[in-house]
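If you count the sequence shown from 1, position 32 lands on 27 in my numbering, and the numbers rise without skipping. Where is the CB? At the ideal position from N, CA and C, for every residue including glycine.
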Amino acid sequence: MASEFFILGLTTDGKQFRPSDWAERLCGVMSCFRPPGTGGRNAHLQYSPLVRPTMTNGVKAVVVNESLKEIEPMAYHFVRQFATDNKLQMVEACHVELPADKR
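Quick look at the structure:
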């Protein structure tokens, strides 16, 4: 299973990060970095499956797949450095298996 982490739209001192569209902007910049064979004709109009915006507990966030590091190490470093430079909280993703369907 792929490892992921979240960059939260909260600074380390708990303040909301601005501008309000920061997650979409960051993901737009990273849209060209994707696994080989994905995207197709309109890939430039889509977020990368490796760096995508989301909401978590009412806070804007970006989910970053660790496989970005193997595909493009400099892009991975850029994303991590963006979070560090802006003092944003980074949290490792936790994968929880759902209970089996009991019918």
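Neighbourhood of Ala70 by C-beta distance below 7 Å, restricted to the same chain and skipping five residues each side | Met25, Phe28 and Leu63
Taking only runs of the alpha helix (DSSP H) that begin and end inside the stretch 36 to 77, which ones reach a length of at least 4 residues, in chain order?
-> 63 to 66
Below 8 Å between beta carbons: does that hold for Arg48 and Ala18?
-> Note on residue identity: the sequence assigns Pro, not Arg, to residue 48. Yes, the pair counts as a contact, with Cβ atoms nearer than the cut-off.
CA-CA distance, Pro14 and Glu65?
-> 30 Å
Which residues in the same chain as Met60 place their Cβ atom closer than 8 Å to its Cβ, once the five residues preceding and following it in sequence are excluded?
-> Position check: residue 60 holds Asn in this sequence, whereas Met was assumed. Counting only Cβ-Cβ distances below 8 Å, and skipping sequence neighbours, we find Ala(-3), Ser(-2), Glu(-1), Pro44, Leu45 and Val46.
Quick one: what does DSSP say Thr6 is sitting in, helix, strand or coil?
-> strand
Roughly how many whole angstroms lie between the Cα atoms of Thr6 and Glu87?
-> 16 Å
Quick one: is Gly4 buried, meaning 16 or more other Cβ sit within 10 Å of its Cβ, or exposed?
-> buried
Per DSSP, Leu83 is paired with what?
-> Thr6
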